[in-house]
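Just so we're aligned: the sequence shown equals residues 1091 to 1207 in the working numbering.
A virtual CB, placed ideally from N, CA and C, is assigned to each residue, including glycine.
Structure first, commentary second.
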Amino acid sequence: TFYPFQPPPKDSLTSEDEQISDVVWQRKFLTDNSMGSSHYLSILDYHNAFMSEETTPEALVENIKLKIEESEKQDPPLRCFTQLNWQLARQAAAESTIRYKNNTPLSVLDGIPIGIK
């Protein structure tokens, strides 16, 4: 099941909370503190791709869905998730895509699907 993160209301934030919830601060923090990988894209890579419209959260969800389906066809199947809600994931991705098009992402994690084990 997918539960989208909702940031706290702006009027309840302290100055430190405001800094941490600021997307510009988040980008700088990730840039300064991330270790690059030649195999996987980082959260910052995806965020930048969404901002530049190189890809969208909707496209990412569909790509992940295909990868999970491929993993289930292996012998033996990977079975990496016990529950998936693609309808809710697609809805959240569509809403995130609109926010990116309006240049108003909730955070650098907006549009990033997260699996919890």
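For Lys-1155, the closest alpha carbon among the candidates Leu-1134, Asp-1200 and Arg-1180 is that of Arg-1180. Counting every other CB atom within 10 Å of its CB across the protein chains shown gives Leu-1178 a total below 16, marking it as exposed. The C-alpha of Pro-1195 is placed about 8 angstroms away from the C-alpha of Val-1113.
Around the C-beta of Gly-1205, fewer than 16 other C-beta atoms lie within 10 Å, and the residue is accordingly described as exposed. The Cβ atoms of Leu-1134 and Thr-1121 sit closer than 8 angstroms to each other. The shortest C-alpha to C-alpha distance from Ala-1183 to any of Thr-1146, Gln-1173, Ala-1139 and Val-1198 is the one to Thr-1146.
One thing to note: Ser-1186 has its Cβ no nearer than 8 angstroms to the Cβ of Gln-1116.
Take the alpha-carbon of Leu-1199 and the one of Asp-1165: they are about 33 angstroms apart.
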